[in-house]
Amino acid sequence: MALGEFDLIDRFFRRPSRRSDVLLGVGDDAALLEPPAGRALVAATDTLVEGRHFLHGAPGRSVGHQALAVNLSDLAAMGADPAWALLSLSLPEVREDWLEDFALGFHVLADTHGVELVGGDTVRGPLVVTVEVLGFVEPALALRRSGAQPGDVLFVSGSPGEAAAGLEMLRRGGSMDSDDPLVLRYLYAQPRLELGRALRGRASAAMDVSDGLLGDLGKLCAASGVCARIDLAELPVSDRLLAAHGREASERLVLLGGDDYELLFTLSAAEADRGQAELRRDFPITRIGEIEAGRGVLCERDGLVVQVAGGGYDHFA
Ligand SMILES: [Mg+2]
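Per my numbering, residue 70 is the first one in the sequence shown, and the count goes up by one each step.
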């Protein structure tokens with residue numbers, strides 16, 4: 070059956086509505102949505118292309134998960150509550166088992182965060198997935214990249230680098246069905262929405278790590294007009310990463326690897342004193358450095374500024 074002859078969105082993605090702010094969801098010409106009074110609408114979109122943003126032959130469930138997760142991570146970085154999603158699918162062929170898998174990955178993550186798919190579109194073409202996510206935040210509390218100040222303390226959540234290590238295992242021929250925790254971390258990385266909420270009105274700046282900690286931190290510093298100084302000894306290197314790669318390669322994975330959806334954020338020194346312990350109780354966060362006047366990112370080891378060679382892992386950049 071030709072793709073245009075029936076509505077795949079309707080068939081695989083239409084479900085009973087779960088949000089009262091969806092006046093009309095999938096099935097009409099457009100969705101009718103009711104944003105809450107007094108909150109700003111937060112919008113993000115991302116496109117994933119097979120072979121470029123996910124591997125050829127990646128499981129449908131993982132692609133469905135990632136397409137939503139990468140957008141939810143952007144909302145987490147704004148401190149937003151996600152609400153609605155739109156999906157545009159370009160498919161070379163209709164493979165029902167793959168689509169069912171894709172829908173499962175998408176819906177499981179959507180349900181976890183109370184997100185409702187309210188519309189979509191399908192076309193025939195190369196495998197490309199575009200998702201748009203909409204959410205809300207009080208305008209004054211939204212997290213931005215631009216608020217870091219000299220004297221602020223720099224943190225990162227979780228264990229960045231693990232997803233890149235998992236991707237590397239798959240690129241070297243590892244099975245997509247592997248239950249290795251590093252592979253699972255890459256295929257099903259979880260966005261940090263709860264942490265983003267906890268940072269509202271607290272962090273001076275925030276962004277998610279999608280292209281690698283070092284590069285993304287450079288963007289935060291540029292937006293804020295400041296310099297970041299990182300102590301390499303403070304980097305969170307997980308035991309799993311250390312066991313698989315040793316210290317030096319692990320550090321490069323932490324600094325240059327992408328796809329973990331962790332959050333990078335700054336707290337004023339006073340806020341760090343006041344709120345750090347409470348944040349630590351609820352979230353795995355690590356202090357990795359500080360913000361000072363200047364430009365760019367400096368990496369230090371034993372008090373000396375060192376150059377981080379990206380050459381060995383530049384395919385993660
Ligand atoms: Mg982002």
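Yeah, the Cβ is synthetic: ideal placement off N, Cα and C, and Gly gets one too.
Integer Cβ distance of residue i from residue j, believed to fall under 8 Å
i	j	result
L348	V323	Rounded, the Cβ-Cβ distance is 20 Å, inconsistent with contact.
E369	R298	6 Å
V200	L155	7 Å
S293	A274	6 Å
E231	R254	4 Å
D170	G129	3 Å
F81	A138	Contact doesn't hold; Cβ gap of about 19 Å is too wide.
A258	D329	6 Å
V187	A100	4 Å
V295	Q218	7 Å
V222	A313	With a Cβ gap of about 30 Å, V222 and A313 do not count as contacting.
G358	E303	7 Å
G148	F175	With a Cβ gap of about 23 Å, G148 and F175 do not count as contacting.
F224	F334	5 Å
L212	R269	7 Å
Distance cut-off 7 Å: residue i Cβ against heavy atoms of ligand 1
i	result
D143	yes
S215	no
S279	yes
M276	yes
A149	no
A146	yes
Residue from the options with nearest C-alpha to residue i
i	options	result
L301	Q376, L156 and V278	Q376
S215	D285, G204 and M238	D285
V252	G220, A272, A127 and V177	A127
A136	L117, A149 and A152	L117
L262	I360, G344, A341 and G204	G204
V184	D329, L332, H314 and D150	D150
V95	P104, R88, S89 and R84	R84
L332	R80, G265, S247 and L304	G265
C290	I360, L239 and D249	I360
I354	P305, R240 and G363	P305
G107	L210, V374, S131 and D76	L210
P250	R343, S228 and G174	S228
R240	R121, K288, H182 and L311	R121
P105	D371, A152, D246 and S131	A152
V177	R213, D248 and S131	S131
G220	E103, R87 and A339	A339
G58	G363, G372, S226 and R356	Since the first residue shown for the chain is 70 and the last is 386, residue 58 is missing from the structure and cannot be characterised.
R356	D246, S226, S247 and D248	S226
Cβ-based burial, residue i [other Cβ within 10 Å; buried from 16]
i	result
E320	buried
V366	buried
F385	In this prediction, F385 scores a pLDDT of 36, lower than 50, which makes its location untrustworthy; no coordinate-derived value is stated.
D383	Bear in mind that the predicted position of D383 carries a pLDDT of just 36, short of 50, making it too unreliable to give a figure here.
S244	exposed
G327	buried
S337	buried
E74	With a pLDDT of only 43 at E74, under 50, the local geometry of the prediction cannot be trusted, and the value read off the model is given with reservation. When all chains shown are included, E74 counts as exposed.
D180	exposed
R271	buried
V198	buried
L325	buried
G315	exposed
V278	buried
G380	Low confidence applies here, because G380 scores a pLDDT of 35, under 50, leaving its location unreliable and the question unanswered by this model.
S89	exposed
V374	exposed
P260	buried
A234	buried
G125	With the sequence shown as reference, residue 125 is identified as His, and Gly is not the correct amino acid for it. With fewer than 16 Cβ atoms within 10 Å of its Cβ, H125 is classed as exposed.
G189	buried
L311	exposed
A256	Residue identity differs from the one stated: residue 256 is Leu in this sequence, not Ala. That one is buried.
L77	buried
L408	Within the shown structure, residues of the chain are numbered from 70 to 386, placing residue 408 beyond reach of any answer.
Near ligand 3: residue i beta-carbon under 7 Å from a heavy atom
i	result
N140	For the structure depicted, ligand 3 is absent and the ligand set comprises only ligand 1.
Okay, do the segment 186 to 198 and the segment 155 to 162 touch, 3+ Cβ pairs below 8 Å being the bar?
yes
Counting pairs of Cβ atoms below 8 Å between the segment 141 to 150 and the segment 107 to 123, do you hit three or more?
yes
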